[in-house]
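Below you'll find the structure, written out as structure tokens, and then a few comments.
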Amino acid sequence: MTVTDDPKTATLESDTAIADPDTASATPAEASEAQKQNEIALVQSLQRLLRDQGETYSEAAIRDLPPNPGEEFTPSQAVSTLREIGHVASFGKIPAETLSQSHCPLIGFWKDGSPFILTEIKSDGSFRCANADANFKSIKISSEEFNKNYSEHLILTQRKKNAEDKSTQRWFLSAFAQGKWLYIQVVLAAIVSNFLGVSTSLFVMVVYDRVVPNEAIESLIALSLGVMIALGFDFITKSLRANFIDRASKRADARMARMVFDKILTLRLDAGNQNSGAVASVVREFDTLREFFTSATLVAIVDLPFIFFFIYIVYLIGGNIAIVPLLAVPCVLLIGLAIQPILARLASGAMTTGMSKQSVLVETLNGLETIQATGAGRLMKSRFETATLDQSEIGLKSRILSQFAINSAASIQQIAQVATIFYGVFLIQAQQLSMGGLIAAVILGGRALGPLGQVASALSRANSARQAFRSIDTLMKRNDNGSEAEQRLSRPVLKGEIEFKNVSYTFPGAKTPLIKDLSIKIPAGEKVAVLGRMGSGKSTFAKLCAGLIQPTEGSILLDGIDLRQIDKSDLQRNLGVMLQETWLFSGTVRENIQLGYYEYDDAHLLKICQLSGTDDFVKGNPAGYDLKIKERGVGLSGGQRQSINLSRALLHEPNILVLDEPTSSMDSSTEGAVLERLSGYLADRTMVAVTHRNTLLKLVTRVLVMDQGKVIVDAPPEQLK
């Protein structure tokens with residue numbers, strides 16, 4: 001394959017195409033190490049290429065940007081990364097002799113699989129390249145040497161002229177923009193199909209008016225063959241049109257779903273008061289929006305302009321008889337538009353009641369154990385039945401109105417056919433219309449009014465789709481913590497200094513601040529325990545340290561930099577966070593600890609699990625780290641869930657640990673063993689640990705006692721004994 005000058009026209013090749021033939025004789029360990037080094041070099045090359053174009057992203061952000069991050073960072077994932085941040089990019093193959101300066105800068109690959117940046121092609125045929133292993137120092141390479149080592153594989157990229165930050169993009173339109181060429185083909189196919197649709201009417205008219213009176217059998221055969229060919233092409237065109245719509249809808253569906261889910265992942269935990277059930281209900285409405293843009297709806301919309309084309313053909317055939325379908329069109333549209341305000345109100349009510357019903361259901365499932373233990377089923381059942389009845393009543397009214405619009409459209413079509421025949425008889429008597437022309441006019445009139453039945457149905461569904469769009473759009477506009485695509489300061493390694501400067505935090509909707517004008521500094525490497533009564537602000541302090549919530553006033557600095565300015569992916573790798581609420585996902589123990597970071601091998605996994613105590617109970621199970629865990633960790637003890645949660649916090653070996661009650665559910669012997677192992681591991685690392693247990697104090701050198709959002713005691717642990 002050859003890549004043209006425009007990256008948009010290139011096609012992705014298999015990533016295995018740049019494998020180094022020399023590695024065939026290498027041991028598996030050597031080949032794996034070489035592959036890992038090439039992946040690191042590719043990430044660094046992409047980072048440098050973007051930096052040279054004025055775009056700054058951390059290595060961690062580049063790894064996290066692809067829609068489906070995997071174990072390896074491949075050239076196709078590099079292309080996905082570039083596209084996510086507004087570039088046109090392709091991975092393909094171009095021979096050295098066809099490379100030109102217009103392709104530069106680009107990322108190429110040597111025959112050993114390692115990447116390089118090609119910055120310039122000289123007039124003398126030499127190349128200026130930069131390699132990651134040489135700290136991207138630009139060197140001049142002769143044409144002979146370049147051809148000897150160049151694999152002909154490369155990544156072409158250029159930034160879109162109208163590229164915007166993802167935060168300002170019109171998420172809905174951008175999803176459909178990907179398939180714009182497919183939609184153009186849909187329109188072209190519709191034009192061809194509707195023109196071919198005239199053939200049957202003309203065939204009937206000619207047969208009745210010319211063939212039958214003259215018994216022209218040869219002409220009948222020729223006409224029949226011609227119309228059969230036209231019908232065959234019509235079938236092919238309609239099939240292609242449906243295929244184009246389905247493919248375009250599939251692309252838009254996948255992109256919109258990914259954008260919505262990405263938004264959910266970055267929602268601020270303290271922004272707004274929508275519960276999880278309500279958010280889940282909003283996401284469910286995505287299906288309503290998607291169904292509105294299915295084949296039937298789009299076909300009706302595309303065919304709508306051709307109503308007047310068929311009416312014009314009727315006019316050419318029968319003159320004034322075209323008045324009948326022309327009057328029928330506004331009748332159908334007026335009925336559909338007249339009930340739209342009522343349907344809009346019902347759709348809004350259906351959305352509200354649906355959210356209430358979903359909220360009750362999710363809340364019940366999450367708290368089922370508590371409900372059964374306390375007998376709260378009566379309360380939840382009452383709420384659920386109320387929401388269900390409200391939703392059913394609104395749904396019934398909406399269906400009655402929708403069916404009225406559909407039935408009205410069908411009745412008007414039938415009346416129009418009768419009126420066409422009735423009026424046509426008088427035109428035939430006046431010798432202004434032939435028998436064949438009347439039949440053709442009836443057929444064409446039915447073809448003209450056919451899309452109106454679908455339009456009536458589409459108008460009925462339009463309100464539900466519009467309400468669904470508004471709900472999802474509201475979600476997309478909610479405040480978030482920023483995505484990986486945002487350019488922030490890259491800090492691959494944080495030493496661990498934490499400083500609060502006049503920090504206050506008030507939960508949205510509350511009047512009393514949970515944290516009040518707090519100023520405190522924790523030097524890098526210091527271990528701090530946070531104590532206090534219930535509701536004193538300890539957990540809020542920990543979440544502020546971890547960047548999970550943002551201060552209402554003041555600033556939080558990590559190594560002297562405002563936490564909000566640091567790249568989110570770098571933060572996640574430099575901060576090991578263990579929250580008080582232990583939440584495990586359905587899957588294996590390994591998946592719950594790795595959380596998609598497949599770059600860590602089994603040796604690393606075993607190391608952190610031995611520190612956290614996870615290995616103590618996993619090694620006794622035949623399934624080992626492939627032990628299946630149910631949602632929320634059902635079946636595991638509280639201490640086992642905590643040990644897995646602690647393993648997550650240690651995954652990236654961060655220099656900052658923020659732990660909220662890390663051992664509160666562990667038995668004394670397990671807790672002692674875990675703390676003993678952590679004492680050596682912590683060494684120069686910073687730790688902020690919220691606790692009610694004195695056993696954790698042996699790990700710390702400083703104790704903060706909080707009360708009503710303020711630090712009332714700041715002293716070494718020895719002074720508190």
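Under UniProt numbering, residues 1 to 721 are what the sequence shown spells out, in order. By construction, the Cβ of each residue, glycine as well, lies at the ideal position given by its N, Cα and C atoms. Keep in mind that this is a model prediction, so the values were computed, not measured.
- As for any alpha helix (DSSP H) of minimum length 4 sitting wholly inside the segment 510–592, the runs are 538–546 and 568–574, ordered along the chain.
- Close CB contacts of glycine 395 within its chain, under the 7 Å cut and outside five residues either way in sequence, are with Ala350 (chain order).
- Shown here for leucine 682: same chain residues with a beta carbon closer than 7 Å to its own, the five before and five after excluded, namely Lys527 and Leu699 in chain order.
- Listed as beta-bridge partners of aspartate 714 by DSSP are Leu704.
- Annotation for valine 711: Leu518, Ile520, Leu704 and Val705 place their beta carbon closer than 8 Å to its own, counting only its chain and skipping 5 residues before and after.
- When DSSP states are grouped into helix, strand and coil, threonine 663 belongs to the coil group.
- Comparing C-alpha distances from asparagine 131 to each of Gly125, Ser123, Lys477 and Ile141 shows the shortest one belongs to Ile141.
- Between alanine 603 and the set Gly596, Asn592 and Asp615, the nearest pair of CA atoms involves Asp615.
- With 16 or more other Cβ atoms from the protein chains shown falling within 10 Å of its own Cβ, glycine 92 counts as buried.
- By the criterion of a C-beta distance shorter than 7 Å, alanine 465 is surrounded in its chain by Thr288, Leu289 and Phe292, once the five residues flanking it on both sides are discounted.
- By the neighbour-count criterion, in which a residue is buried when 16 or more other Cβ atoms sit within 10 angstroms of its Cβ, glycine 547 is buried.
- The shortest CA-to-CA distance from leucine 65 to any of Val43, Arg48, Gly54 and Asp52 is the one to Val43.
- Collapsing the DSSP output to three states places isoleucine 155 in a strand.
- The segment 423–433 makes no contact with the segment 178–190; the number of CB pairs closer than 8 Å stays below 3.
- With contacts defined by Cβ atoms closer than 9 Å, aspartate 253 and glycine 197 do not form a contacting pair.
- In the structure shown, arginine 685 falls within a coil segment according to DSSP collapsed to helix, strand and coil.
- Partner residues in the beta bridge of alanine 89, as assigned by DSSP, are Thr157.
- Runs of the beta strand (DSSP E) spanning 3 or more residues and lying entirely within the UniProt domain "Peptidase C39" (35–157) occur at 87–93, 106–110, 115–121, 127–131 and 139–141, in chain order.
- For the 9 Å CB-CB criterion, phenylalanine 195 and alanine 248 do not form a contact.
- Assigned with DSSP and collapsed to three states, tyrosine 505 falls in strand.
- About 15 Å separates the beta carbons of isoleucine 556 and leucine 269, which is beyond the 8 Å limit, so they are not a contact pair.
- The alpha helix (DSSP H) runs of length 4 or more contained entirely in the segment 297–372 are, from start to end of the chain, 306–318, 323–338 and 340–366.
- Leaving aside the five residues that flank leucine 452 on each side, the residues in its chain whose CB is nearer than 6 Å to its CB run, in chain order, Val332 and Ala409.
- Leucine 433 carries a coil assignment under DSSP once its states are collapsed to helix, strand and coil.
- In this structure, the CA atom of valine 204 is about 60 Å from the CA atom of proline 95.
- Less than 9 Å separates the beta-carbon of glycine 450 from that of glutamine 413.
- Under the DSSP assignment, glutamate 218 falls in the alpha helix (DSSP H) whose first and last residues are 217–265.
- Within the model, the alpha-carbon separation for glycine 535 versus glutamine 708 is close to 7 Å.
- A direct Cα-to-Cα measurement between serine 668 and lysine 263 gives close to 41 Å.
- Within the same chain, Val211 come within 6 Å of serine 219 by CB-CB distance, once the 5 residues on both sides are set aside.
- Note that the segment 44–59 touches the segment 111–123; at least 3 beta-carbon pairs, one per stretch, sit closer than 8 Å.
- Where glycine 638 is concerned, the enclosing alpha helix (DSSP H) starts and stops at 638–650.
- Here glutamate 385 carries a helix assignment [DSSP, helix/strand/coil].
- In this structure, glycine 537 keeps its C-beta atom at 9 Å or more from the C-beta atom of leucine 563.
- Burial is judged here by how many other beta carbons sit within 10 angstroms of a residue's own beta carbon; glutamate 215 has fewer than 16 and is exposed.
- Within a 10 Å sphere around the beta-carbon of threonine 98 sit fewer than 16 other beta-carbons, which makes this residue exposed.
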